[in-house]
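Read the structure below first, then the notes.
2 protein chains.
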Amino acid sequence: MSELRQNRSDLKAFFEPKSVAVFGSLKDGVGLGYGVIRNMLQFGYSGKIYPVSPSYNGEVLGFRAYSAVNDVAEPIEAAIVITPPPTVPGIIEQCARKGVKAAVIVSENFAEAGSEGAKFQQQLVDIVHRTGIRIIGPNTIGVFNPASGFITNPYLTIQDKIRKGGISYCSQTGYVGLAAKPLEDLAMPVSKLCDIGNKCDVDESDVLNYMADDPQTKVVAMHIENVKDGRRFMEAARRVVARKPLLILKGGRSEAGAEAMVSHTASLAGSEQVYDAVIKQVGALRLNSWEEYWEVPKVFAEQPLPRGNRIAIITGAGGLGVVVVDVAVESGLTIAKFSPATKMRLTKLSPRLGGNPIDLGPVLTVKEDPFSVQREIIEAVLEDENVDCAAVSVYAGFDALIAPITQMFDSLKHNKSKPMTIWIYGMKLHVLDEMLCQLESRNLPTYLDFELAVKALGFAARYSRTKMEAIV
Amino acid sequence: MSELRQNRSDLKAFFEPKSVAVFGSLKDGVGLGYGVIRNMLQFGYSGKIYPVSPSYNGEVLGFRAYSAVNDVAEPIEAAIVITPPPTVPGIIEQCARKGVKAAVIVSENFAEAGSEGAKFQQQLVDIVHRTGIRIIGPNTIGVFNPASGFITNPYLTIQDKIRKGGISYCSQTGYVGLAAKPLEDLAMPVSKLCDIGNKCDVDESDVLNYMADDPQTKVVAMHIENVKDGRRFMEAARRVVARKPLLILKGGRSEAGAEAMVSHTASLAGSEQVYDAVIKQVGALRLNSWEEYWEVPKVFAEQPLPRGNRIAIITGAGGLGVVVVDVAVESGLTIAKFSPATKMRLTKLSPRLGGNPIDLGPVLTVKEDPFSVQREIIEAVLEDENVDCAAVSVYAGFDALIAPITQMFDSLKHNKSKPMTIWIYGMKLHVLDEMLCQLESRNLPTYLDFELAVKALGFAARYSRTKMEAIV
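In order, the protein sequence lines correspond to chains A and B.
At position 276 of the first sequence the residue is numbered 284 (our numbering), and the sequence of numbers has no breaks.
At position 161 of the second sequence the residue is numbered 169 (our numbering), and the sequence of numbers has no breaks.
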């Protein structure tokens with residue numbers, strides 16, 4: 009890869025700027041410029057903030073407002089722009105002259121809205137080429153970095169404590185914004201969020217290169233509709249896969265989907281077969297749904313990779329286990345055959361145990377201390393050399409079970425070299441919500457859907473195989 | 009179908025008995041016999057209850073206890089048995105002599121546990137053949153009928169107000185018990201729950217025949233692992249499909265799944281290809297996961313059938329819509345082309361509208377009353393003669409949106425002849441939980457997963473086509 013390209017993928021100024029200018033209405037409480045500053049404060053952004061608005065005098069949330077970016081004496085690294093399209097090229101031009109490196113243009117109504125908007129977007133492209141300033145957007149909610157507290161989303165969010173973790177999400181839609189997904193309640197371990205919007209400059213390949221290099225990013229989940237430069241994309245994707253898993257959700261699989269895509273981002277659709285081949289060739293994993301996009305990465309962020317594809321399944325009811333075995337096989341996993349030693353350990357706990365999947369149901373109803381039995385079962389299967397990973401059912405039926413379940417996992421002599429996912433089920437949504445949050449914050453990937461808990465391990469095993477094949 | 013067979017499928021005494029004998033420990037607060045009586049009272053069962061235990065004197069929860077069923081002077085229609093396996097054949101024998109028609113045997117450790125248990129199970133089969141008493145189980149949590157309050161589950165449940173509705177769930181595992189799924193919080197419209205356990209007598213075909221005839225059952229969701237009598241099953245399934253949709257989740261698709269199945273219920277696996285062909289041939293719909301098992305039926309219970317497969321998709325973000333279009337196409341739906349009149353109505357609301365999927369995002373952020381715009385959009389597409397069904401995104405970001413959203417749907421001039429599903433998304437789990445419950449109780453099938461909301465309509469369109477082909 010050429011040095012120029014790598015440099016152009018240095019997006020650090022977008023995610024960790026030391027100073028930022030905000031262009032947009034500063035009207036108290038309702039302006040979008042005001043909103044983005046309020047959000048930065050809420051998430052503890054500690055860089056310098058310079059509100060800029062020709063129509064505003066005085067202070068905004070404790071920051072002096074400027075009528076033009078040029079009036080600011082200090083250097084400024086980044087800009088957030090939320091003003092009407094006709095004003096945006098002028099603002100970006102001023103930012104470039106001031107030495108701003110990175111501008112996020114949140115405003116809508118550019119190329120996606122018709123020829124008038126497309127004209128303004130082309131002006132932005134010209135400025136990028138002429139000056140070297142980088143742009144994310146327009147038509148985007150931009151970026152969020154829980155670690156630095158930097159956020160470009162101007163809309164009210166009532167999610168305050170996003171958990172810092174290893175997943176970086178990148179998307180071509182605002183669905184990755186904090187307004188759309190209860191990431192806090194789900195205790196999702198987030199490294200970065202990024203919506204690349206209309207991609208007038210920064211594109212999926214730049215983001216991939218950045219995320220490949222970013223040490224906080226342990227896994228990349230990317231939603232794309234189209235790719236600007238196929239060769240560059242493949243180079244960047246390969247760089248990611250060599251270091252960390254890359255999961256791709258590609259919109260527009262179907263002809264109708266591709267049509268819808270064109271009208272949504274004014275982007276051209278490529279051949280579906282080509283995308284599928286490229287994703288395979290670079291060693292990335294293809295996601296099938298938005299649900300997988302959100303839920304699969306956490307197994308990579310929270311658990312080690314499996315060394316093989318042999319799964320142990322601990323289920324709460326036999327019939328459940330059978331369906332889940334089907335899902336495991338369809339996800340590329342094989343059902344582990346326990347060693348004689350493990351079988352002996354298990355049958356000591358109950359004569360009904362020893363097979364895989366393990367049906368907890370008949371065991372727990374007769375044991376006085378079901379949690380210690382569960383713990384022993386989980387330990388036994390994870391310590392078996394014939395087991396590479398485990399999907400574990402946990403019955404979180406009612407409030408009183410939350411504490412003993414968390415205690416059970418805290419006291420687990422978990423073989424930390426093998427990944428485990430957890431399925432919780434029970435009678436009350438609020439109990440399940442709370443249980444999930446408690447287990448996730450212990451880095452235990454927890455699901456409300458057993459099949460998803462198994463599929464996630466299937467993805468982990470597939471990436472693991474890709475890695476090993478690369479070494480061999 | 010022979011008259012004998014139809015009579016043998018009359019399972020009314022299992023779901024609406026006027027009187028029931030309970031065999032099991034009556035120990036205050038902890039006995040399983042005590043538990044099932046407590047549960048019946050909790051759900052308002054108004055039939056007569058006769059606790060039976062040789063070791064118990066006095067009253068249980070206000071009911072006089074008997075030492076033997078024969079001591080009861082009045083006739084008894086049903087029995088619930090939760091005693092150790094060696095005692096069960098004797099109890100069933102006594103019940104048969106007393107004239108009990110239907111016995112649910114909850115106790116475990118029969119054929120599924122080894123040869124000793126299999127011996128007792130065979131004794132039960134002999135009694136059935138000799139006396140004509142019917143048995144559900146053993147190794148089951150049995151039945152639940154929210155309308156009559158009749159329940160055979162002895163375990164503590166903290167779900168009190170299960171919503172009465174049209175879905176009958178039948179399964180070969182206790183997962184359909186009230187302990188495992190938050191049916192109350194989900195406001196799931198339940199007609200009957202039934203776990204057929206080891207199927208020593210009553211099997212899937214009996215249940216299908218009963219559910220075909222049951223006027224409260226609007227849709228049947230059945231989980232099976234194996235079928236006892238293929239021909240009878242096909243007859244029964246056809247009877248259901250002629251009247252109401254039949255959705256089947258079949259465990260053991262994979263070889264490993266089939267193996268797991270054999271060890272779980274001691275039942276023989278059939279050929280997967282045969283099952284698939286049979287399900288298609290009778291016009292039933294095959295479900296792919298436990299998630300679909302729980303979530304798909306509600307579209308049938310709460311909405312009319314679509315007359316065709318043309319879907320309108322209203323999305324909250326363009327990129328979301330594209331992925332969902334893919335799912336729609338893969339579910340057998342086609343993306344509706346709006347009529348010129350609808351396009352005009354939509355473009356009047358916003359020049360950006362007119363295509364399908366409809367992206368609400370850019371519209372709602374600029375409108376002062378987003379709910380009236382959303383309402384008008386939903387009305388416009390449902391009134392379009394080129395549209396058969398609609399999947400609608402609703403942003404339930406925070407608490408304050410719950411009331412206006414419910415008001416919007418209450419004031420909707422909804423074309424009640426066309427089905428609609430709703431996807432809700434937002435920032436807080438408790439808001440989504442509450443919103444879902446509110447909309448479900450208005451008979452609006454609501455999902456936390458957009459793809460599932462679309463898939464459900466795909467199932468509805470497929471059943472609709474089956475029906476129409478049958479007429480032609």
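The C-beta atom is built at its ideal place from N, Cα and C for all residues, glycine as well.
Quantities reported herein were computed from a predicted structural model and do not represent experimental measurements.
Taken atom to atom, the span from the alpha-carbon of Glu300 (chain B) to that of Glu310 (chain B) is near 16 Å.
With 16 or more neighbouring CB atoms inside 10 Å of its own CB, Pro427 (chain A) falls in the buried class.
The stretch 167 to 179 of chain A makes no contact with the stretch 73 to 87 of chain A, as fewer than three CB pairs between them are under 8 Å. Between the alpha carbons of Gln382 (chain B) and Leu368 (chain B) lies a gap of roughly 8 Å. Your pair Ile232 (chain B) and Gln180 (chain B) checks out as a contact, with CB atoms roughly 6 Å apart and the cut at 8 Å. Interface annotation, Lys306 (chain B): not in contact with chain A, CB-CB separation never under 7 Å. Residue-level contact by beta carbon holds for Lys436 (chain A) and chain B, with a gap shorter than 7 Å.
Ile343 (chain A) belongs to the set of residues whose beta carbon lies under 7 Å from a beta carbon in chain B. Within the stretch 331 to 368 of chain A, the complete alpha helix (DSSP H) segments at least 4 residues long are 348 to 357, listed from N- to C-terminus.
Boundaries cannot be given for His422 (chain B), as no beta strand (DSSP E) includes it and DSSP labels it neither H nor E. For Gly39 (chain A), there is no enclosing alpha helix (DSSP H), since its DSSP letter is neither H nor E. Cβ neighbours of Tyr177 (chain A) within its own chain (closer than 6 Å, five residues either side excluded): Val184, Leu201, Ala229. Between the stretch 17 to 35 of chain A and the stretch 150 to 167 of chain A there are three or more inter-stretch CB-CB distances shorter than 8 Å, so the stretches are counted as touching. Annotated as proximal: Leu444 (chain A) and Thr454 (chain A), with beta-carbon spacing under 7 Å.
At a cut-off of 7 Å between beta carbons, Ser297 (chain B) contacts chain A. Secondary-structure assignment with DSSP links Arg72 (chain B) through a beta bridge to B:Glu67.
For secondary structure counted as the alpha helix (DSSP H) over 4 or more consecutive residues, the stretch 241 to 285 of chain A holds these complete runs in sequence order: 263 to 273.
Taken in chain order, the members of the stretch 180 to 204 of chain A whose beta-carbon sits within less than 8 Å of a beta-carbon on chain B are Gln180, Thr181, Gly182, Tyr183, Leu186, Ala187, Ala188, Lys189, Pro190, Glu192, Asp193, Leu194. Taking C-beta atoms under 8 Å as the contact rule, Gly291 (chain B) and Thr474 (chain B) qualify, at a distance of about 4 Å. Take the alpha-carbon of Ile143 (chain A) and the one of Gly362 (chain A): they are about 58 Å apart. Glu376 (chain B) counts as exposed, since fewer than 16 other C-beta atoms from the protein chains shown sit within 10 angstroms of its C-beta. A straight line joining the alpha-carbon of Ser339 (chain A) with that of Phe467 (chain A) spans about 7 Å. Here Tyr53 (chain A) carries a coil assignment [DSSP, helix/strand/coil].
Ranked by Cα distance from Val44 (chain B), the options B:Val114, B:Pro93, B:Lys20 are led by B:Val114. Close to chain A, meaning a Cβ-Cβ distance shorter than 9 Å, are the following residues of the stretch 356 to 371 of chain B: Pro359, Arg360, Gly363, Asn364, Pro365, Asp367, Gly369, Pro370. Separation of Val235 (chain B) and Val108 (chain B) (C-alpha to C-alpha, rounded to the nearest whole angstrom) is 27 Å. Close to chain A, meaning a Cβ-Cβ distance shorter than 9 Å, is no residue of the stretch 209 to 222 of chain B at all. Cys397 (chain B) has B:Ile319 as its beta-bridge partners, per DSSP. Annotated three-state conformation of Ile141 (chain A) is coil, per DSSP. Along the stretch 235 to 263 of chain A, going in chain order, the ones with a CB nearer than 8 Å to a CB of chain B are Leu257, Gly259, Gly260, Arg261, Ser262, Glu263. Ala268 (chain A) belongs to the set of residues whose beta carbon lies under 7 Å from a beta carbon in chain B. Bounds of the alpha helix (DSSP H) holding Phe22 (chain A) are 20 to 23. When secondary structure is reduced to three states using DSSP, Gly324 (chain A) falls in the coil class, being assigned neither helix nor strand. Sixteen is the threshold: since fewer than 16 other Cβ atoms of the shown chains lie within 10 Å of the Cβ of Ser279 (chain B), the residue is exposed.
The distance from the Cβ of Gly205 (chain B) to that of Thr148 (chain B) is about 3 Å, consistent with a contact at the 8 Å cut-off. Looking only at A:Glu477, A:Leu437, A:Thr429, the smallest Cα-Cα distance to Ala464 (chain A) is reached by A:Thr429.
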